[in-house]
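Asker:
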Amino acid sequence: MSQASRTRQAESNSPHAATLELAPRVPRYELVASDDGRVRLAEGRIDDGPILQGHMQNLSASGALIEIQTSTARLRFLDEGEMIKVELAIPDRGRFAFFATVVRLDPSPKSDDLWELGLAFRNLPKSLSEALDRAVTTRSRDYSHPHNFDFAASRGFRHAGYRLTPTRLMALLQSTANQPLWWMALLSFTAMTVLPLLLAKIVQLL
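Sequential numbering of the sequence shown, starting at 84, is according to the numbering used here.
1. Hey, is the stretch 115-132 in contact with the stretch 166-175, meaning 3+ C-beta pairs nearer than 8 Å?
2. Just reading off the alpha helix (DSSP H) that Phe234 is part of, what are its end residues?
3. The alpha helix (DSSP H) spanning Ala214 covers which residue range?
4. Measuring CB atoms only, is the stretch 149-169 touching the stretch 105-113, in the sense that at least three cross pairs come out at less than 8 Å?
5. Which residue wins for smallest C-alpha separation from Arg176, given the options Leu105, Asp119 and Ala274?
6. Take Ile134 and list the residues in its own chain whose beta-carbon comes closer than 6 Å to its own, dropping the five residues that flank it on each side.
7. Given that a residue counts as buried once 16 or more other Cβ atoms are within 10 Å of its Cβ, and exposed if not, what is Lys151?
8. Which residues does DSSP pair with Met139 in a beta bridge?
9. Where do the N-terminal and C-terminal ends of the alpha helix (DSSP H) with Arg224 fall, by residue?
10. Whether or not the stretch 234-244 and the stretch 175-189 are in contact is what I'm after, with contact meaning three or more pairs of Cβ atoms, one per stretch, closer than 8 Å; do they touch?
11. Given a threshold of 16 other Cβ atoms within 10 Å of its Cβ, counted over all protein chains shown, does Gly146 qualify as buried or as exposed?
12. Quick one: Cα of Ile285 to Cα of Ser271, how far?
13. Measure from the alpha carbon of Asn141 to the alpha carbon of each residue in Ala218, Pro208 and Asp196, then state which is nearest.
14. Which stretch, first to last residue, makes up the alpha helix (DSSP H) that contains Gly244?
15. Is the separation between the beta-carbon of Leu200 and that of Leu161 shorter than 8 Å?
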């Protein structure tokens with residue numbers, strides 16, 4: 084395990100760990116039970132190295148998040164910045180093998196026995212990149228940031244452009260619902276609407 088990985092593990096366990104500011108990203112598709120989440124990983128620079136098993140948690144047109152066992156995470160070729168070979172399934176498209184770069188390796192919040200491996204795909208053939216965009220971006224419900232789909236569209240993922248309007252609306256609704264002032268305004272409007280009706284009913288009864 085690299086020194087960077089050990090440092091990230093210590094920071095993640097620290098009560099003073101900093102909270103990263105949320106930024107737009109290529110929309111992710113969270114796998115469901117019916118999806119094939121099996122992943123095979125191998126060292127990128129040799130042909131006869133070990134083949135490791137993992138399970139895909141989410142997939143985007145530009146990368147993936149893989150769960151691996153703690154024992155697997157200790158292998159040096161999974162250090163951040165390393166190039167690896169990955170084989171995974173694209174929904175309704177079958178299984179594909181290509182190269183990826185390790186962008187992060189962190190302990191999983193789910194279990195001490197699991198780590199999360201973040202991958203960025205590299206040098207994808209145009210046909211495979213388009214297949215990922217079509218299969219994954221159109222399924223994504225990633226409203227974690229209102230500009231996720233704009234960001235993906237600006238990077239050339241054309242199917243993200245079809246989702247801009249509904250995504251903006253969904254992001255607006257979610258962000259609005261999280262604002263206390265919105266709920267206060269809703270309660271005030273409801274009180275102003277209902278209270279006169281209740282008073283009129285009481286007067287009729289008297």
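Ideal Cβ placement from N, Cα and C applies to all residues, glycine included.
This one's a predicted model, so the numbers in the text were calculated from it and none came from an experiment.
Answerer: From the atom records:
1. yes
2. Position 151 of the sequence shown holds residue 234. Residues Asn231 to Ser237.
3. Counting from one through the sequence shown, the residue named residue 214 turns up at place 131. Lys209 to Leu215 is the extent of the alpha helix (DSSP H) around Ala214.
4. The stretch 149-169, when compared against the stretch 105-113, does not touch it at the 8 Å Cβ threshold.
5. For the purposes of this step, residue 176 is taken as the residue at position 93 of the sequence shown. Comparing Cα positions, the closest option is Asp119.
6. Here residue 134 is taken as the residue at index 51 of the sequence shown, counted from 1. Excluding positions up to five away in sequence, the list reads Arg123 and Ala125.
7. The residue labelled residue 151 in the question sits at position 68 within the sequence shown. Residue identity differs from the one stated: residue 151 is Ile in this sequence, not Lys. Ile151 is buried by the Cβ-count criterion.
8. The residue labelled residue 139 in the question sits at position 56 within the sequence shown. Met139 pairs with Ile149.
9. Reading the sequence shown from its first residue, position 141 is the one you call residue 224. Looking at the DSSP string, Arg224 is not in any alpha helix (DSSP H), and its letter there is neither H nor E.
10. At 8 Å Cβ cutoff, the stretches do not touch.
11. Counting from 1 along the sequence shown, the entry for residue 146 is found at position 63. With 16 or more other Cβ atoms within 10 Å, it is buried.
12. Taking the first residue of the sequence shown as position 1, residue 285 is located at position 202. Taking the first residue of the sequence shown as position 1, residue 271 is located at position 188. Rounded to whole angstroms, Ile285 to Ser271 spans 21 Å at the Cα level.
13. One-based indexing of the sequence shown puts residue 141 at position 58. If we check each option's Cα against that of Asn141, Ala218 comes out closest.
14. Within the sequence shown, residue 244 is the residue found at index 161, counting from 1. Counting along the chain, the alpha helix (DSSP H) containing Gly244 begins and ends at Arg241 to Gly244.
15. Stepping through the sequence shown from its first residue, residue 200 is reached at position 117. Stepping through the sequence shown from its first residue, residue 161 is reached at position 78. In this structure, Leu161 lies closer than 8 Å to Leu200 by Cβ.
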